[in-house]
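Student:
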Amino acid sequence: MNRSIYTTLAILSVLFLLTSCEKKKEEVTPETFTTEILLKTTPVKNQGKSSLCWAYAMLATIETEHIMRGDSVNLSVTFLARHLLEDQLESTYLYHPTSDTQHPSPITTRGMSGDALWLMENYGAMPYDTWHDNADYNLLCRKLQIMANEAAVHKTGLGKLIDDAEPLMNQQMGPKKGSVYMLGSEYTPIEFAHSLFRHGEYEALTSFTHHPYNKRMILEVPDNRYGNAMLNVPLDTLQARIVNALRQGHPVCWEGDTSNPGFSFSKGTAVYDNSSTKVDAETRQKAFETLRTTDNHCMAIVGLARDKNGSLYFICKNSWGTSNPYHGFMYMSEDYLRMNTLAVWFSLQEPNL
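Note that the numbering used here has the sequence shown beginning at 1376, numbered continuously upward.
1) Would you tell me roughly how many angstroms separate the C-alpha atoms of VAL1448 and LYS1642, rounded to the nearest one?
2) Can you tell which of THR1484, LYS1551, TYR1498 and THR1531 has the C-alpha that lies nearest to the C-alpha of HIS1507?
3) Note down, in chain order, each residue of its chain lying with its Cβ closer than 8 Å to the Cβ of THR1505, except the 5 sequence neighbours on either side.
4) For a minimum of 3 consecutive residues, which ranges assigned as the beta strand (DSSP E) are wholly contained in the stretch 1646-1712?
5) Of the residues TRP1493, GLU1461, ASP1490 and TRP1429, which one's Cα is nearest the Cα of MET1522?
6) Quick one, which of ILE1676, GLY1631, GLY1499 and LEU1606 has its alpha-carbon nearest LEU1666's?
7) Does the Cβ of GLY1489 have 16 or more other Cβ atoms within 10 Å, making it buried, or fewer, making it exposed?
8) So TYR1647 packs on MET1714, CB below 8 Å; how close in whole Å?
9) In three-state terms, what does DSSP make of GLY1602?
10) Counting along the chain, where does the beta strand (DSSP E) carrying MET1544 start and finish?
11) Looking at C-alpha atoms only, which residue of ARG1616, ASN1421 and THR1417 is the closest neighbour of ASN1699?
12) Which residues in the same chain as PRO1609 place their Cβ atom closer than 8 Å to its Cβ, once the five residues preceding and following it in sequence are excluded?
13) Could you check where the alpha helix (DSSP H) with VAL1618 kicks off and where it finishes?
14) Skipping 5 residues on each side, what residues in its chain have a beta carbon closer than 8 Å to that of GLU1561?
15) THR1410 bridges to which residues according to DSSP?
16) Could you tell me which of THR1439, ASN1649 and LEU1679 sits nearest to ALA1615, measuring between CA atoms?
17) Look up CYS1396 in the DSSP assignment and say whether it is helix, strand or coil.
18) By the three-class DSSP mapping on this structure, what secondary structure does TRP1429 have?
19) So THR1439 packs on ALA1675, CB below 8 Å; how close in whole Å?
20) Let's test the definition: count the other Cβ atoms within 10 Å of the Cβ of PRO1472 and tell me whether it reaches 16, buried, or not, exposed.
21) Count Cβ pairs between the stretch 1569-1577 and the stretch 1591-1608 that sit closer than 8 Å; are there 3 or more?
22) Once you ignore the five residues that flank TRP1720 on each side, which residues in its own chain have a CB closer than 6 Å to its CB?
23) Sorted by chain position, which residues of the same chain lie with C-beta nearer than 7 Å to ARG1444's C-beta, five sequence neighbours on each side aside?
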């Protein structure tokens, strides 16, 4: 009898433990939103473990911009990443430290959204279907760093370094493509890129008080290696320009902080938690100067929505895959955007509607 009781208790204990393990995976109940504006997009992509969100976001912005004009375009991040790494390989070699107290700048795929425009203007673009993204960028960056450092120490020459690195990059990223074939015509990558946007088409805005308003400034963040300059405007103006662009059919490339409380990919929302604090220019400036607001993610804003209380939200196309309640999209609250935005880019073309 006792043995039967012990057996029953053991079985119940195992069932309890199994049930407890299952409960660790909480079901997320999606928030209900009413869509005001939703621009057309290409499918949500997944940047994996890379730091290329800035390229995904800017290319997603350009893709939606063209879809809203009636074009169909889907662009390759790998093409831009290839030229970014080649640039860094060269600069790491040429700017290699001359003393033991100095350290070479790390080769990385980090950047700002404006870097994508610079790379496209200087090297071109490729369609997504011709060059998919499946590289292990962290491993590739480490290997290129070692190659550049060793080449600099032995003074082997820049040309030899580039020749030695090409097979590695071809293996990890695929060989370079020389031409773009579309609608029966052949284009160089530069010609293709110039068909996507003209020089100066995309306006960059930011809002900080340590620079004068209505003047261009270079934002002081580590990833601004190309010296992206942007127009500094008051916070209310920044938000109004974002909303106005969306209402005119233009997507907005957003760069900001998603590491602060309130951002949850699993919930699909980004909500400013500190409702007792008014988000104004002084509040966000203090967060920036105390390094609580940092540059760590980019997305494409493609719409506007309201929650059940009528509060405004911005619909963002992310690049972390589709495994959240909104299939990879995020709903960002008005206060979260005001507090955590570092910079935005949007087209100055005539309205797309």
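All C-beta atoms in this analysis are idealised placements derived from N, C-alpha and C, irrespective of residue type, glycine included.
Nothing here was measured: the structure is a model prediction, and the numbers come from that model.
Tutor: So, from the data block:
1) Counted from its first residue, the sequence shown places residue 1448 at position 73. Counted from its first residue, the sequence shown places residue 1642 at position 267. Taking the straight line joining both Cα atoms gives about 30 Å.
2) As a first step, residue 1507 must be located in the sequence shown, where it is residue number 132. Minimum Cα distance to HIS1507 is reached at LYS1551.
3) By one-based count along the sequence shown, residue 1505 stands at place 130. Correct list, in chain order: SER1451, LYS1552 and VAL1555.
4) 1672-1681, 1687-1692 and 1704-1708
5) Here residue 1522 is taken as the residue at index 147 of the sequence shown, counted from 1. Per the Cα distances, GLU1461.
6) Along the sequence shown, one-based indexing puts residue 1666 at 291. For LEU1666, the nearest C-alpha among the options comes from GLY1631.
7) By 1-based counting over the sequence shown, the position of residue 1489 is 114. The residue in question, GLY1489, is buried, as its Cβ has 16 or more Cβ neighbours within 10 Å.
8) Locating residue 1647 in the sequence shown gives position 272, counting from the first residue. Locating residue 1714 in the sequence shown gives position 339, counting from the first residue. The beta-carbon separation of TYR1647 and MET1714, rounded to 5 Å, stays under the 8 Å limit for a contact.
9) Here residue 1602 refers to the residue found at position 227 of the sequence shown. Residue state, collapsed to three classes: coil.
10) Sequence index remark: in the sequence shown, residue 1544 carries index 169 (1-based). Secondary structure note for MET1544: it is in no beta strand (DSSP E), and the uninterrupted alpha helix (DSSP H) holding it is 1533-1548.
11) Translated into positions along the sequence shown, residue 1699 becomes position 324. The candidate whose alpha carbon is nearest that of ASN1699 is ASN1421.
12) Stepping through the sequence shown from its first residue, residue 1609 is reached at position 234. Cβ within range, chain order: SER1582, TYR1588 and ALA1656.
13) Mapped onto the sequence shown, residue 1618 falls at position 243. For VAL1618, the enclosing alpha helix (DSSP H) begins and ends at 1610-1622.
14) As a position in the sequence shown, residue 1561 is number 186, starting the count at 1. Here the set comprises SER1554 and VAL1555.
15) For the purposes of this step, residue 1410 is taken as residue 35 along the sequence shown, with counting starting at 1. ALA1680.
16) In the sequence shown, residue 1615 corresponds to position 240, counting from 1. For ALA1615, the nearest C-alpha among the options comes from LEU1679.
17) On the sequence shown, residue 1396 is found 21 positions in, with the first residue counted as 1. With a pLDDT of 34 at CYS1396, under the threshold of 50, the predicted position of this residue should be treated as unreliable, and no value is reported.
18) Residue numbering aside, residue 1429 sits at position 54 when the sequence shown is read from its first letter. Residue state, collapsed to three classes: helix.
19) Numbered from 1 along the sequence shown, position 64 holds the residue referred to as residue 1439. Numbered from 1 along the sequence shown, position 300 holds the residue referred to as residue 1675. So it is a contact: roughly 6 Å between Cβ atoms.
20) Looking up residue 1472 in the sequence shown gives position 97. Exposed, by the Cβ-count rule.
21) The stretch 1569-1577 vs the stretch 1591-1608: no contact.
22) Sequence index remark: in the sequence shown, residue 1720 carries index 345 (1-based). Here the set comprises SER1488, TYR1577, ALA1579 and CYS1628.
23) Looking up residue 1444 in the sequence shown gives position 69. Closer than 7 Å at Cβ, skipping near neighbours: ASN1727.
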